[in-house]
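Colleague:
Numbering (full-length UniProt numbering), first residue to last: 1 to 241.
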């Protein structure tokens, strides 16, 4: 397995957000975490990437293994530069006063491979033609959908081979949403491992290989995406039926 979350506990002050969750992601898989708001999904991604949420959080128990090695105390810089794990966060967090190309360039700060970096620019512009059209445009002037494309593009530019996505379809029109997932599927087919949080649970489970259901900091269901789509309790609670 590539990623293993083992009995992970996370606290915000005295409030425990994750109560000993465990799950795995294999190389080349698409795995989704679904659950209601406040279930602990974003907290899980922050614990993996070492990027703390605004309120600040603390891992109070358990471990996070990547390729068999603990990354629990690894710096956020090293997670990206050495382990090639990137986060496309909820809310995008792009630099609005910078152009599209400048945002992408910032994501390459730890890369020394000029030829590969140039190739990834071409790859991003091929995957998201709108980014090529807007490359010299200030990012704050982009539409919501274009800003989401930029957030994912920025993650790709880190040279990651494992991408964590937090609500990639948020604020997107149905057409842009399906276009986004088409691109993500292509990335996976090219070898990218994906851990996904998505508000549209139906879409997430149709896209993923496997899934886990989080409820108030605990994993309450797990299985193949097909099994979860057909699970009556999951359907009733998260899939509108």
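We put the CB at the ideal spot given by N, CA and C, even for glycine.
This one's a predicted model, so the numbers in the text were calculated from it and none came from an experiment.
Take every Cβ of the region 217-233, pair it with every Cβ of the region 187-197, and state whether three or more of those distances are shorter than 8 Å.
Modeller: Short answer: they don't touch.
Colleague: What number of angstroms, rounded off, separates the C-alpha of residue 81 from the C-alpha of residue 232?
Modeller: As a first step, residue 81 must be located in the chain shown, where it is residue number 81. As a first step, residue 232 must be located in the chain shown, where it is residue number 232. Between residue 81 and residue 232, the C-alpha separation is close to 42 Å.
Colleague: Which of helix, strand or coil does DSSP assign to residue 136?
Modeller: Residue numbering aside, residue 136 sits at position 136 when the chain shown is read from its first letter. The answer is coil: DSSP assigns residue 136 none of H, G, I, E or B.
Colleague: State the DSSP-derived secondary structure class of residue 220, mapped to helix, strand or coil.
Modeller: Position 220 of the chain shown, counting from 1, holds the residue named residue 220. Note: residue 220 maps to strand in three-state DSSP.
Colleague: Does residue 95 come out as helix, strand or coil in the three-state DSSP assignment?
Modeller: Looking up residue 95 in the chain shown gives position 95. Coil, per DSSP.
Colleague: Okay, do the region 73-87 and the region 40-57 touch, 3+ Cβ pairs below 8 Å being the bar?
Modeller: The region 73-87 is in contact with the region 40-57.
Colleague: Which of the three DSSP states is assigned to residue 86 in this structure?
Modeller: As a working mapping, residue 86 is identified with position 86 in the chain shown. Here residue 86 sits in strand by DSSP.
Colleague: CA-CA distance, residue 234 and residue 106?
Modeller: Residue mapping note: residue 234 aligns to position 234 of the chain shown, counting from 1. Residue mapping note: residue 106 aligns to position 106 of the chain shown, counting from 1. About 40 Å.
Colleague: Which of helix, strand or coil does DSSP assign to residue 166?
Modeller: As a working note, residue 166 is residue 166 in the chain shown. Here residue 166 sits in strand by DSSP.
Colleague: So for residue 104, helix, strand or coil by DSSP?
Modeller: By one-based count along the chain shown, residue 104 stands at place 104. It is helical.
Colleague: Take residue 143 as the anchor and find which of 122, 156 and 92 has the nearest alpha-carbon.
Modeller: One-based indexing of the chain shown puts residue 143 at position 143. Measuring from the Cα of residue 143, the nearest candidate turns out to be 92.
Colleague: Using the three-state DSSP reduction, which class does residue 25 fall into: helix, strand or coil?
Modeller: For the purposes of this step, residue 25 is taken as residue 25 along the chain shown, with counting starting at 1. Residue 25: strand per DSSP, three-state reduction.
Colleague: Can you tell me the Cβ-Cβ gap for residue 225 and residue 205, rounded? I've got them flagged as a contact below 8 Å.
Modeller: Within the chain shown, numbered from 1, the residue matching residue 225 stands at position 225. Within the chain shown, numbered from 1, the residue matching residue 205 stands at position 205. Rounded, the Cβ-Cβ distance is 4 Å, consistent with contact.
Colleague: If you run the structure through DSSP and keep just helix, strand and coil, what is residue 58?
Modeller: Locating residue 58 in the chain shown gives position 58, where the first residue counts as 1. If DSSP states are grouped into helix, strand and coil, residue 58 belongs with the strands.
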